[in-house]
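Please read the structure below before turning to the comments.
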Amino acid sequence: MRFSRLLIPTMKEAPSDAVLTSHILLLRAGFIQTSGGSGLYNWLPLGKITLDKVRAIVKDELDKAGCNEVHLPMVTSLALWEETGRADKFGKELLRFKDRHENSFTLSPTNEEAMVNLVRQTVKSYKQLPLNVYQINWKFRDEVRPRFGLMRGREFLMKDAYSFHATTEDMEREFALMEETYKKIFTRLGLDFKVVEADSGAIGGAGSKEFMVLADSGEDTIMVCDSCDFGANVEVVAEDESKCPKCGGNLSQTKGIEAGHIFQLGTVYSEPMKAEFLNENQKLEPFIMGTYGIGVSRLLAGIIEQNHDEKGCVWTKESAPFKVDIIVAKAKNSEQMEAGEKLYAQLQAKGVDVLLDDRADKKTGFGVKMKDFELIGMPYAVVIGNDISEGKVELITRDGLEKEEMDLDSLVETIMEKLA
RNA sequence: CGGAGUGUAGCGCAGUCUGGUAGCGCACCUGGUUUGGGACCAGGGGGUCGAAGGUUCGAGUCCUUUCACUCCGACCA
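Residue numbers (our numbering): 810 to 1229.
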């Protein structure tokens, strides 16, 4: 895409009410903007592109693991919530309203009931099991205190998956598969993370694990073992405990952002909702369930909390809105502009997501383009400037801001190697 | 929900104590000069000062009420 045609309102100064690094940078770099209410954000073009990239990675790995993507309405009948008693349990966080016929509804904060409803009216036999259905959809929680930008908004994008099984053993197999799948997703996104034992909270069920993006700004405190892979939220391990319950090693405390959470549910939803299937002995049994969530929009905040410097965002390769920013230093110089256009077409032909900074207005000089590149944080920039007459350009790596002079002839090849 | 703050142009702020015609920087528009690190000069547009009520000849400023937002806490897939 062309910078001149994209709405990218970068700012020198951030709104004074933003305190968290990721919040400040995402606002300043023009990814999101406030939308007139606490915890509500407009997703501007760069933010939408990036969110879609992260979403695509989540979808790709889930589909490979055999999950079925579906879409449920954001508006759920309150009657479903009353079947499990969670209408009361969720309290005011559940935003309720009535339609013109005075029927009660809610904006979905999570969808256990709705998904169980989908399955109970579709799946009748053990032969249809196991089944893992998911959606990536906007959720709404009327948080007591929304804060920190995308970290705790009221509206947020969440991937919520639900698995249905005939036996506990099969559910545990799926739980392990989801843990591996989540590890692949977090690894592809370039995140430093830790899987920890967690409390099941309002969702209920037996075992649960959280995927923590390690960051000092995280809202959760976790205990990690220095000699094995054990980790736990302080909710489930005493904070003063110093020995690992698994191997006896030393525990130390750190902070994390909860970006994923997987649960072994059992029948806590299927029983009250009478979601049952016929087993091979022709007997009705409730589904054994698991549920698996990822805060997709929160992941963006997590990526930036972990990857930034004093100049701006440093997106990881798979999350970046564009992989390469072509900076045409003087857009009115036809030699530079033509070289930029040619490189843009070449990279596009190779399937590289590339941004051409073709801005030619007199306010937007070389300095502005560089500052925007650094603030937005694409992995690479190619500067096409005065040396183009000798066939030379500059390649800048955002992480570390290392610059190297390159021959334009071999540039595409070099970039493809770096992106591989 | 408890505690602490803040609301003045798109963003950052001054002005409020001590009432007297609404200001500054950035951004935006016009013209010119610039052009490898957020340029310069000149001119210009944009405001019911969060809202309502009150005091006063006169309120951004004083009083009352209210709303919104932020931070700390409690809460939280």
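For each residue, glycine too, the CB sits at the ideal point set by N, CA and C.
Everything numeric in this text was worked out from a predicted model, so none of it was measured.
In the assembly as shown, Asn920 is a buried residue. Its beta-carbon has 16 or more other beta-carbons within 10 Å.
Here the C-alpha atom of Asn1142 lies approximately 51 Å from the C-alpha atom of Tyr943.
Beta-bridge partners of Glu1006 (DSSP): Lys1018, Ala1041. When the beta-carbon positions are compared, Asp1162 and Phe1182 stay at least 8 Å from each other. Under DSSP, Leu1164 forms a beta bridge with Asp1134.
Contact annotation: Val1033 and Leu1000 have beta-carbon atoms that are not nearer than 8 Å. Distance from the CA of Thr1100 to the CA of Glu1213, rounded to the nearest whole angstrom, comes to 48 Å. Under DSSP, the beta-bridge partners assigned to Ser934 are Leu1087. Ser972: not part of any alpha helix (DSSP H); member of the beta strand (DSSP E) spanning 964-974, first to last residue. By the Cβ test, the region 972-984 is in contact with the region 936-956, since at least three Cβ pairs between them sit closer than 8 Å. Selection Asn926, Ser886, Thr843 evaluated against His910 yields Ser886 as nearest (Cα-Cα).
Assignment of His1070 by DSSP, reduced to helix, strand and coil, places it in the strand class. A buried status is given to Gly1121, since no fewer than 16 other beta-carbon atoms sit within 10 Å of its beta-carbon. With respect to the 8 Å criterion, Arg905 and Ser913 are classified as neighbours on the basis of their beta carbons.
Burial check for Trp947: the Cβ neighbour count within 10 Å stays below 16, so the residue is exposed. Rounded to whole angstroms, the separation of the alpha carbons of Gln1091 and Ala1110 is 49 Å. Its chain contains Asn1116, His1117, Gly1186, Arg1207, Asp1208 as the residues whose beta carbon lies nearer than 7 Å to that of Val1123, once the 5 sequence neighbours on both sides are disregarded; these appear in chain order. A straight line joining the alpha-carbon of Tyr991 with that of Ala896 spans about 30 Å.
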